[in-house]
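Numbering (the numbering used here), first residue to last: 1 to 436.
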């Protein structure tokens with residue numbers, strides 16, 4: 001079953017900060033609205049039945065958009081009257097405002113875009129309605145308008161934004177409309193931004209432009225890149241990094257790479273082209289961190305990254321990006337992809353950190369790792385870390401390094417780091433290795 005529109009609006013976290021609606025509270029709220037509607041009609045019929053009334057037709061008014069708008073405005077006045085009786089006309093609590101809004105979601109959902117615009121205009125024209133109530137009902141109307149006619153929501157924002165100048169709710173309205181337009185008409189949103197630049201409220205800032213580009217990148221990566229020219233935005237590593245943050249599936253990431261290749265091919269500056277491409281590829285690679293090494297490898301293959309691009313992506317990972325169970329696998333993979341010096345540096349640094357976190361697992365990994373130059377570097381880093389509290393074990397590990405200069409320098413470093421409280425052990429170590 002399709003979720004009601006008002007629930008869809010409630011869970012659009014990128015745009016709105018609505019809470020979940022409790023079923024029983026919602027049911028009670030609907031009943032309260034029904035009582036209010038009945039009471040309004042009773043009053044109207046009573047007034048109409050008075051002698052001299054110009055309209056004595058007691059037929060219930062048709063529940064069309066105009067009637068719903070009228071009842072919603074009356075609801076605002078009714079709530080204000082109740083708050084005035086409590087001495088909170090200008091400062092109702094968040095809980096009271098939420099209770100006020102509960103019965104209004106369904107009638108708001110029923111309104112078409114023209115009726116929602118009419119409601120917003122009427123609320124703005126009612127100076128007797130407090131600011132807090134106007135903000136609440138207008139924000140809700142904007143949310144539904146953004147779902148049904150996002151460009152209309154943006155147009156109305158020119159009139160409603162001053163009402164929210166002291167907080168960030170105008171941004172919620174703006175981004176709610178952008179979220180919808182990013183799927184159906186991102187260029188229309190770009191035209192709106194250009195049209196509304198330089199006015200009393202300038203929506204033409206970097207934050208607004210970047211938000212539209214980022215949202216569009218989720219489903220329309222090619223159009224997201226086109227927005228750089230449409231919005232006169234200079235491409236940067238920062239915005240490229242933001243564009244990949246909402247990509248969830250491998251397919252989305254592959255489509256982004258294809259669009260990236262095409263866009264970068266259009267750039268004349270070779271240095272800029274390379275820097276931006278590497279920046280985005282690394283940003284996409286980082287969406288696989290914390291336990292997804294095999295998925296990352298598959299993405300490298302599917303996206304057809306060059307060896308140099310893979311090396312840059314792997315090199316951008318740092319120790320904190322990797323879960324403990326994958327540190328060893330990451331190191332072995334890095335040995336096959338990184339340049340020699342970068343691989344050595346990573347091995348020393350990661351083994352040091354890993355030993356601090358879980359020295360037993362490091363030892364088990366080393367014991368199962370095939371011999372080779374990079375393993376020797378890992379062994380030395382491990383031995384130099386554990387010599388402070390397990391000097392004999394450190395010595396045994398050092399002796400697994402093939403005989404030669406590298407082993408000798410490792411043993412010498414262990415000598416310098418041997419615990420001072422173990423003078424006898426240190427002396428025996430010197431004799432065993434002819435360091436006298």
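From the three backbone atoms N, C-alpha and C, an ideal C-beta is built for every residue, glycine too.
The alpha helix (DSSP H) with residue 129 in it runs from where to where?
Against the chain shown, residue 129 aligns to sequence position 129. For residue 129, no alpha helix (DSSP H) segment is defined, and its DSSP state is neither H nor E.
Nearest-angstrom Cα separation, counted from residue 315 out to residue 371:
Counting from 1 along the chain shown, the entry for residue 371 is found at position 371. Counting from 1 along the chain shown, the entry for residue 315 is found at position 315. Their Cα atoms are separated by approximately 23 Å.
Spatial distance of residue 349 from residue 299 (CA atoms)
For this step, residue 349 is matched to residue 349 along the chain shown. For this step, residue 299 is matched to residue 299 along the chain shown. Approximately 26 Å between the Cα atoms of the pair.
Simplified DSSP assignment, three categories, for residue 440
Absent from the model: residue 440. The displayed extent of the chain is 1 to 436, so no value can be given.
Does residue 59 come out as helix, strand or coil in the three-state DSSP assignment?
Your numbering for residue 59 matches position 59 in the chain shown. Low local confidence applies: a pLDDT of 40 at residue 59 is under 50, so the model's placement there is unreliable, with the coordinate-based value given in what follows. Reduced to three states, the DSSP call for residue 59 is coil.
Below 8 Å, can you find three or more Cβ-Cβ pairs linking the stretch 127-143 to the stretch 160-178?
Yes, the stretch 127-143 touches the stretch 160-178.
Inspect the beta-carbon positions of residue 355 and residue 331 and report whether they are closer than 8 Å.
Position 355 of the chain shown, counted from the first residue, corresponds to residue 355. Position 331 of the chain shown, counted from the first residue, corresponds to residue 331. The answer is no: Cβ separation not under 8 Å.
Work out the CA separation of residue 73 and residue 67 for me, nearest whole Å.
Sequence index remark: in the chain shown, residue 67 carries index 67 (1-based). Sequence index remark: in the chain shown, residue 73 carries index 73 (1-based). Spanning the two alpha carbons is a distance of roughly 10 Å.
Please name the residue, chosen from 328, 230 and 340, that lies closest to residue 311 on a Cα-to-Cα basis.
As a working mapping, residue 311 is identified with position 311 in the chain shown. Checking every option, the nearest Cα to that of residue 311 belongs to 340.
Cα-Cα separation, residue 384 to residue 307:
Within the chain shown, the letter at position 384 stands for residue 384. Within the chain shown, the letter at position 307 stands for residue 307. The C-alpha of residue 307 is placed about 33 Å away from the C-alpha of residue 384.
What beta strand (DSSP E) runs, 3 residues minimum, are completely inside the stretch 189-260?
Taking only runs of at least 3 residues, no beta strand (DSSP E) segment lies wholly in the stretch 189-260.
How many angstroms separate the CA atom of residue 172 from the CA atom of residue 110?
As a position in the chain shown, residue 172 is number 172, starting the count at 1. As a position in the chain shown, residue 110 is number 110, starting the count at 1. Separation of residue 172 and residue 110 (C-alpha to C-alpha, rounded to the nearest whole angstrom) is 22 Å.
Closer than 8 Å is the cut-off here; do at least three beta carbon pairs connect the stretch 113-131 with the stretch 73-83?
Between the stretch 113-131 and the stretch 73-83 there are three or more C-beta pairs closer than 8 Å, enough to call the two in contact.
Could you have a look at residue 376 and say whether DSSP puts it in helix, strand or coil?
Here residue 376 is taken as the residue at index 376 of the chain shown, counted from 1. Residue state for residue 376 is assigned as helix, using DSSP reduced to three classes.
Whole-Å CB distance - residue 210 paired with residue 239, under 8 Å assumed:
Along the chain shown, read from residue 1 onward, the residue named residue 210 stands at position 210. Along the chain shown, read from residue 1 onward, the residue named residue 239 stands at position 239. Yes, residue 210 and residue 239 are in contact; Cβ-Cβ is about 5 Å, under 8 Å.
Local conformation of residue 322 per DSSP, three classes:
Position 322 of the chain shown, counting from 1, holds the residue named residue 322. Here residue 322 sits in coil by DSSP.
Which same chain residues, not among the five before or five after residue 324, have their C-beta less than 8 Å away from its C-beta?
For this step, residue 324 is matched to residue 324 along the chain shown. The answer, listed in chain order, is 354, 357, 358 and 361.
Nearest to residue 437 by alpha carbon, out of 256, 190 and 249?
Nothing about residue 437 can be read from this structure; the chain reaches only from 1 to 436.
For the alpha helix (DSSP H) containing residue 161, name the first residue and the last one.
Counted from its first residue, the chain shown places residue 161 at position 161. Segment: none, residue 161 is in no alpha helix (DSSP H) and carries neither H nor E.
For residue 288 versus residue 296, is the C-beta spacing smaller than 8 Å?
The residue you call residue 288 lines up with position 288 of the chain shown. The residue you call residue 296 lines up with position 296 of the chain shown. Contact flag set, yes.
Just verifying my parser: in three-state terms, what is the DSSP assignment at residue 433?
Taking the first residue of the chain shown as position 1, residue 433 is located at position 433. Three-state result, residue 433: coil.
Alpha carbon to alpha carbon, what distance is there between residue 157 and residue 121?
Taking the chain shown and counting its residues from 1, one reaches residue 121 at position 121. Taking the chain shown and counting its residues from 1, one reaches residue 157 at position 157. Between residue 121 and residue 157, the C-alpha separation is close to 11 Å.
Look up residue 401 in the DSSP assignment and say whether it is helix, strand or coil.
Taking the chain shown and counting its residues from 1, the one referred to as residue 401 is at position 401. The DSSP-derived three-state label of residue 401 is coil.
Quick check on this structure: which residue in 212, 395, 106 and 400 has the alpha carbon closest to the alpha carbon of residue 417?
Residue mapping note: residue 417 aligns to position 417 of the chain shown, counting from 1. Nearest C-alpha to residue 417: 395.
Could you check the C-alpha separation between residue 434 and residue 421 for me, to the nearest Å?
Looking up residue 434 in the chain shown gives position 434. Looking up residue 421 in the chain shown gives position 421. Their Cα atoms are separated by approximately 21 Å.
Exposed unless 16 or more other CB atoms sit within 10 angstroms - verdict on residue 23
Looking up residue 23 in the chain shown gives position 23. Since pLDDT at residue 23 reaches only 36, below the 50 mark, its modelled position is unreliable, and the value read off the structure follows with that caveat. So residue 23 counts as exposed.
Cβ-Cβ distance between residue 223 and residue 186 below 8 Å:
For the purposes of this step, residue 223 is taken as the residue at position 223 of the chain shown. For the purposes of this step, residue 186 is taken as the residue at position 186 of the chain shown. Less than 8 Å separates the beta-carbon of residue 223 from that of residue 186.
Straight-line Cα distance separating residue 69 from residue 41:
Start at 1 with the first residue of the chain shown, and residue 41 comes out as number 41. Start at 1 with the first residue of the chain shown, and residue 69 comes out as number 69. With a pLDDT of only 46 at residue 41, under 50, the local geometry of the prediction cannot be trusted, and no value is derived from it.
Just the C-alpha distance for residue 126 and residue 182, rounded to the nearest angstrom, thanks.
Working through the chain shown from its first residue, we reach residue 126 at position 126. Working through the chain shown from its first residue, we reach residue 182 at position 182. Distance between the alpha carbons of residue 126 and residue 182 is about 34 Å.
Over what stretch of residues does the alpha helix (DSSP H) that includes residue 367 continue unbroken?
Working through the chain shown from its first residue, we reach residue 367 at position 367. Residues 340-368.
Of the residues 106, 146 and 79, the one placed nearest residue 97, counting alpha carbons only:
Taking the first residue of the chain shown as 1, we reach residue 97 at position 97. The alpha carbon of residue 97 has as its nearest neighbour, out of 106, 146 and 79, the alpha carbon of 79.
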